[in-house]
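Visitor:
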Amino acid sequence: MSTDSARGYFRLQSILGTTEHFGGMEATEELARACQIEPGDRVLDVGVGTGITPPFLSRTFGCRVVGIDISPSMLTWARERVASEQVSIRPQFAVGDACRLPFASGTFDAVISESVLGFVDDPTTALREYARVTQPGGVVGVNEATWLDEPPRSLESYLEAATGASPKPPEEWVTRFEQAGLRDTRSTVRQVDPRTQFVSELRRRGITETLQTVVRLIRNLTDPAIRRYIRMNLTHWREASQVLAYLGYGIYVADVDS
Numbered sequence: 001m002s003t004d005s006a007r008g009y010f011r012l013q014s015i016l017g018t019t020e021h022f023g024g025m026e027a028t029e030e031l032a033r034a035c036q037i038e039p040g041d042r043v044l045d046v047g048v049g050t051g052i053t054p055p056f057l058s059r060t061f062g063c064r065v066v067g068i069d070i071s072p073s074m075l076t077w078a079r080e081r082v083a084s085e086q087v088s089i090r091p092q093f094a095v096g097d098a099c100r101l102p103f104a105s106g107t108f109d110a111v112i113s114e115s116v117l118g119f120v121d122d123p124t125t126a127l128r129e130y131a132r133v134t135q136p137g138g139v140v141g142v143n144e145a146t147w148l149d150e151p152p153r154s155l156e157s158y159l160e161a162a163t164g165a166s167p168k169p170p171e172e173w174v175t176r177f178e179q180a181g182l183r184d185t186r187s188t189v190r191q192v193d194p195r196t197q198f199v200s201e202l203r204r205r206g207i208t209e210t211l212q213t214v215v216r217l218i219r220n221l222t223d224p225a226i227r228r229y230i231r232m233n234l235t236h237w238r239e240a241s242q243v244l245a246y247l248g249y250g251i252y253v254a255d256v257d258s
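Final position of the sequence shown in the UniProt record's numbering is 258; the numbers increase by one with none missing.
1) If I'm right that Pro91 touches Val65 with Cβ under 8 Å, what's the distance once you round it to whole angstroms?
2) Give the range of the alpha helix (DSSP H) segment to which Val174 is assigned.
3) Please confirm whether Arg81 and Gly51 have their CB atoms less than 8 Å apart.
4) May I have the straight-line CA-CA distance separating Val95 from Ser113, to the nearest angstrom?
5) With 16 other CB atoms within 10 Å as the buried threshold, where does Gly67 fall?
6) Taking only runs of the alpha helix (DSSP H) that begin and end inside the segment 16-103, which ones reach a length of at least 4 residues, in chain order?
7) Since Leu247 is in the beta strand (DSSP E), which residue starts that stretch and which ends it?
8) Which residues in the same chain have their Cβ closer than 7 Å to the Cβ of Ser71, if we skip the five residues on either side of it in sequence?
9) Please give the ranges of any alpha helix (DSSP H) in the segment 115-166, keeping only runs that are unbroken, at least 4 residues long and fully inside the region.
10) Take the Cβ of Asp109 as the centre, count every other Cβ of all protein chains shown within 10 Å, and call the residue buried at 16 or more, exposed below.
11) Taking the straight line between their C-alpha atoms, what separation do you get for Thr163 and Glu20?
12) Counting only the same chain and skipping the five closest in sequence on each side, list residues whose C-beta sits under 7 Å from that of Gln242.
13) Rounded to the nearest angstrom, what separates Ala78 and Gln86 at their Cα positions?
14) In whole angstroms, what is the alpha-carbon distance linking Leu182 and Thr222?
15) Verify whether the separation of the beta carbon atoms of Pro189 and Gly141 is less than 8 Å.
16) Along the beta strand (DSSP E) that carries Thr188, what are the first and last residues, could you check?
17) Out of Asp121, Tyr158, Gly106 and Leu159, state which residue places its alpha-carbon closest to the alpha-carbon of Gly137.
18) Taking the CB atoms as reference points, tell me whether Ala131 and Ala180 lie closer together than 8 Å.
19) Mind checking if Leu247 is an interface residue toward chain C, Cβ cutoff 8 Å exclusive?
20) Keeping to the same chain, check which residues put their C-beta closer than 8 Å to that of Val174; ignore five residues upstream and five downstream.
21) In angstroms with no decimal places, state the Cα-to-Cα distance between Leu148 and Gln191.
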């Protein structure tokens, strides 16, 4: 992530207190069930963002969740969210880099991440770290932006410049898992319906939080980084409108050797 527009994208998320991933909470639950998370399991959520997933996992599966993010400001949002929710097993949070996880080997029963690997410089290194901190016989699972069809080069360039994201086709994600030493990778690839995605995000955040996000956006429209990001998307509206014709998401789950 090196462009001004990509930095603006992450600054926008940090200011607004919002992150998202394709498939919404339905995809999060599908990922967790594919990982066979059970009550009492120790689960690491890498790239936790504003912290929506950890309390959901804790409530739904009765697991103990640790969430990390490279951004301290995102973790502020995450801690505030968890403090305001009724969660019997309270998630813990820490600053951490996906490629240098601050945990001992074999700490967790499962490691998950959602829309993280597409933003790191070397996804294979991150996956090796996921595998390292997972106990033998455990599971690594991710939800990642996935090219459904080969996109025009102009579309790839736009997406990388605007957001820093580098999606990959399904077979390349599977190869990355294999290169990281993970085995028996299972994958499910899905298209994204814009209306379904919008409704899912609205349900995930709620009306009140969504309106608060809009107010924060209006208040910060003078921020130079945010203005550059918005300007780029307006300039490249044609590419922006074509993204979902080529881009979906994939749920990839693999085992750590016993």
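C-beta: ideal position from N, C-alpha, C; glycine also.
Note that the coordinates shown come from a computational prediction; the quantities given were computed from them, not determined experimentally.
Guide: The structure says:
1) Here residue 91 refers to the residue found at position 91 of the sequence shown. Here residue 65 refers to the residue found at position 65 of the sequence shown. Yes, Pro91 and Val65 are in contact; Cβ-Cβ is about 4 Å, under 8 Å.
2) As a first step, residue 174 is located in the sequence shown; it is residue number 174 there, counting from the start. Element bounds for Val174: Pro170 to Gln179.
3) As a working note, residue 81 is residue 81 in the sequence shown. As a working note, residue 51 is residue 51 in the sequence shown. Result yes, Cβ atoms of Arg81 and Gly51 sit closer than 8 Å.
4) Here residue 95 is taken as the residue at index 95 of the sequence shown, counted from 1. Here residue 113 is taken as the residue at index 113 of the sequence shown, counted from 1. If you take the alpha carbons of Val95 and Ser113, they lie about 15 Å apart.
5) In the sequence shown, counting from the first residue as 1, residue 67 sits at position 67. Gly67 comes out buried.
6) For the segment 16-103, whole alpha helix (DSSP H) runs of length 4 or above, ordered along the chain, are 24-34, 53-61 and 72-84.
7) The sequence position of residue 247 within the sequence shown is 247, counting from 1. Its beta strand (DSSP E) spans residues Leu247 to Asp255.
8) In the sequence shown, residue 71 corresponds to position 71, counting from 1. Cβ neighbours of Ser71 beyond the five flanking positions: Ser14.
9) Taking only runs of at least 4 residues, the alpha helix (DSSP H) segments lying wholly in the segment 115-166 are 123-133 and 153-163.
10) The residue labelled residue 109 in the question sits at position 109 within the sequence shown. The C-beta of Asp109 has 16 or more other C-beta atoms within 10 Å across all chains shown, which makes the residue buried.
11) As a working mapping, residue 163 is identified with position 163 in the sequence shown. As a working mapping, residue 20 is identified with position 20 in the sequence shown. Taking the straight line from one Cα to the other gives about 13 Å.
12) Start at 1 with the first residue of the sequence shown, and residue 242 comes out as number 242. Around Gln242: Leu155.
13) For the purposes of this step, residue 78 is taken as residue 78 along the sequence shown, with counting starting at 1. For the purposes of this step, residue 86 is taken as residue 86 along the sequence shown, with counting starting at 1. Approximately 14 Å between the Cα atoms of the pair.
14) Start at 1 with the first residue of the sequence shown, and residue 182 comes out as number 182. Start at 1 with the first residue of the sequence shown, and residue 222 comes out as number 222. Their Cα atoms are separated by approximately 46 Å.
15) Taking the first residue of the sequence shown as 1, we reach residue 189 at position 189. Taking the first residue of the sequence shown as 1, we reach residue 141 at position 141. First, the amino acid is wrong: residue 189 is Val here, not Pro. Their beta carbons are not under 8 Å apart, which means Val189 does not touch Gly141 by this criterion.
16) Here the question's residue 188 lines up with position 188 in the sequence shown. Per DSSP, the continuous beta strand (DSSP E) segment holding Thr188 begins and ends at Arg183 to Arg190.
17) Position 137 of the sequence shown holds residue 137. Distance check between Gly137 and each of Asp121, Tyr158, Gly106 and Leu159 places Gly106 closest, using alpha-carbon atoms only.
18) Your numbering for residue 131 matches position 131 in the sequence shown. Your numbering for residue 180 matches position 180 in the sequence shown. Contact: yes.
19) No chain C is part of this structure, which consists of one protein chain only.
20) As a first step, residue 174 is located in the sequence shown; it is residue number 174 there, counting from the start. Cβ-Cβ distances below 8 Å link Val174 to Thr185, Ser187 and Tyr252 in the same chain, with the five nearest sequence neighbours on each side left out; the list follows chain order.
21) As a position in the sequence shown, residue 148 is number 148, starting the count at 1. As a position in the sequence shown, residue 191 is number 191, starting the count at 1. Computed Cα separation, rounded: 8 Å.
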